[in-house]
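Residue numbers (my numbering): 567 to 978.
Here the structure is laid out as structure tokens; the discussion comes afterwards.
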Amino acid sequence: MLRFLTAGESHGPGLVVIIEGVPAGVALLSEDIDRELARRQKGYGSGGRMSIEHDHAQIIAGVRYGRTIGSPVGLLIENRDFANWQERMASQPVEHPDAPVTRPRPGHADLSGGMKYHHDDLRNVLERASARETAARVAAGAVARVLLRYLGVRVAGFVLGLGEVKAGREWWEAGLNGEPFDFEAVAAQAEESPVRCPDQAAAGAMMEAIREAQTSGDTLGGVVAVAAAGLVPGLGSYAQWDRRLDGRLAAALMSINAVKGVEIGAGFSGAGRRGSEVNDPILPTGSDDQRTRPWPFRRTQNMAGGLEGGVTNGEPLVVHAAVKPLATLAHPLSSVDIRTGEAMPAHYERSDVTAVPRAVVVAEAAVAWELAVAYLEKFGGDHIDETVGAFQQYLDYLRYYAAWSPSGPTGK
Ligand SMILES: Cc1cc2nc3c(=O)[nH]c(=O)nc-3n(C[C@H](O)[C@H](O)[C@H](O)COP(=O)(O)O)c2cc1C
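Put into structure tokens, the structure is as follows:
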């Protein structure tokens, strides 16, 4: 079983990730992880923190001479900012503790977390509830991406909307309409954009909206999309509620800080349409199509977003996540001081105007992780050669699945 845990506070010495269940023999370098960490740090509308941190994952366990050895993989990501917080975030008692944070921010974890863990200094909550932790998730997701490369899977994400600005969705809806969709080109355009939006005109308007929000001391949310190409049918299962891949993806995405909604495929927009429009007709494919996919079916559209019954159906995975406007406001909302009960403006500290472009990279990591878990569940393997061997065997089986198909038992 593939699983991971993280530890670390936002301004503590660093973040720790332990990943268990990575097969032996996987080529893994810290560069593979650092590349994703750098992507997470890039995004118009980020606060000053990102110019302090230049994240690097030190691999401290589970890899030797560039290959995994089957032991848990241990990663350490140092917080450079800790240099400025040594006294305030000391693990040992100090003579002069920092002034406590006592004015919870509406929309952050400060108040609910403080009540839960009996904290009269809300810093004890916000240090862990901070999205700094998502760097650790992106690191785990980077390892998942490396595994997925062996299985021909590519994951990419984009910003679909930021504040009131919506990207022209033609290129994206092509994915749902089952039209040819240049996954690589769209991913490359998103990578070039400071807001991770492949629609250049919309990207300009998004940057303008961010500047305006910053000037007025406000924050912005938006919608991110993640797609995965190259998936085999049969990942996940309908047989038990907690094995449904749609549920597992939704939980992984919803658990990302500030994510308040998840859609699979047509999602909420599909709910208002007719069954004849939203369910994806099945067609037989010719032998040409089978060069790219061995199973002899295709769909006329992809409203299901690649999942039916909690199982991948061989079409690209398409998910969306709604990211709320951030809770830390330069013009703080009203709050209450937990020491005195007095009405006071909420606490403020350095913060992002929007997290939407960066949330794309975190959402990609969540999707990559759940897909890697699903692949290892299906194909197993203590060594990556075993995983790939079982995967190839499955592809061979899929070629023969339908009796009438060009390469199936009767067609051969
Ligand atoms: C990449 C990323 C960066 C974030 N940066 C901030 C930030 O600078 N300020 C802030 O108030 N919230 C930020 N958040 C969101 C908070 O961490 C989140 O709202 C908080 O943990 C409460 O959880 P909830 O919104 O999911 O209920 C960020 C989220 C993400 C994904």
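Using N, Cα and C, we set each Cβ at its ideal position, and we do this for glycine too.
{"Check": "Once DSSP output is grouped into helix, strand and coil, what is the label at Glu-693?", "Outcome": "helix"}
{"Check": "With respect to 8 Å, is the separation between the Cβ of Gly-591 and the closest non-hydrogen atom of ligand 1 below this value?", "Outcome": "no"}
{"Check": "Out of Glu-644, Val-933 and Leu-571, state which residue places its alpha-carbon closest to the alpha-carbon of Ala-817.", "Outcome": "Val-933"}
{"Check": "Using only the alpha-carbon positions, how far apart do Gly-876 and Asn-868 sit?", "Outcome": "15 Å"}
{"Check": "What does the Cβ neighbour count give for Thr-572, buried or exposed, with the cut at 16 atoms within 10 Å?", "Outcome": "buried"}
{"Check": "Only counting the same chain, and skipping five residues up and downstream in sequence, which positions put a Cβ closer than 6 Å to that of Glu-602?", "Outcome": "Val-704 and Ala-708"}
{"Check": "Identify which residue in Trp-651, Ser-973, Gly-871 and Val-884 has its Cα closest to the Cα of Asp-664.", "Outcome": "Trp-651"}
{"Check": "Going by Cα to Cα distance, which pick from Arg-762, Ala-968 and Gly-831 is closest to Leu-873?", "Outcome": "Gly-831"}
{"Check": "Can the beta-carbon of Thr-700 be found closer than 9 Å to that of Asp-918?", "Outcome": "no"}
{"Check": "DSSP three-state label for Arg-703, please.", "Outcome": "helix"}
{"Check": "Less than 8 Å separating the Cβ of Asn-515 from some heavy atom of ligand 1?", "Outcome": "Given that the chain is displayed from residue 567 to residue 978, the structure contains no residue 515 and the question cannot be resolved."}
{"Check": "Assign His-662 to buried or exposed, taking buried as 16 or more other Cβ atoms, counted over all protein chains shown, within 10 Å of its Cβ.", "Outcome": "exposed"}
{"Check": "Report the rounded CA-to-CA distance for Ala-623 versus Lys-682, giving the unit in angstroms.", "Outcome": "32 Å"}
{"Check": "Identify every residue that forms a DSSP beta bridge with Gly-572.", "Outcome": "Per the sequence shown, the amino acid found at residue 572 is Thr instead of Gly. Answer is Val-583."}
{"Check": "Assuming Leu-892 and Ala-921 are in contact, meaning their beta carbons sit under 8 Å apart, how far apart are those beta carbons, in whole angstroms?", "Outcome": "6 Å"}
{"Check": "Give a yes or no on contact between the region 720–737 and the region 952–972, applying the rule of three or more CB pairs nearer than 8 Å.", "Outcome": "no"}
{"Check": "Note down the Cα distance separating Arg-762 from Val-954, rounded to an integer number of angstroms.", "Outcome": "33 Å"}
{"Check": "Express the C-alpha separation of Val-902 and Val-667 in angstroms, rounding to a whole number.", "Outcome": "12 Å"}
{"Check": "Any heavy atom of ligand 1 closer than 8 Å to the CB of Ser-901?", "Outcome": "no"}
{"Check": "Taking 8 Å as the cut-off, is the C-beta of Val-885 nearer than that to any heavy atom in ligand 1?", "Outcome": "no"}
{"Check": "Using three-state DSSP, classify Gln-979 as helix, strand or coil.", "Outcome": "The first residue shown for the chain is 567 and the last is 978, placing residue 979 beyond what the model contains."}
{"Check": "For Ser-803, which of helix, strand or coil comes out of DSSP?", "Outcome": "coil"}
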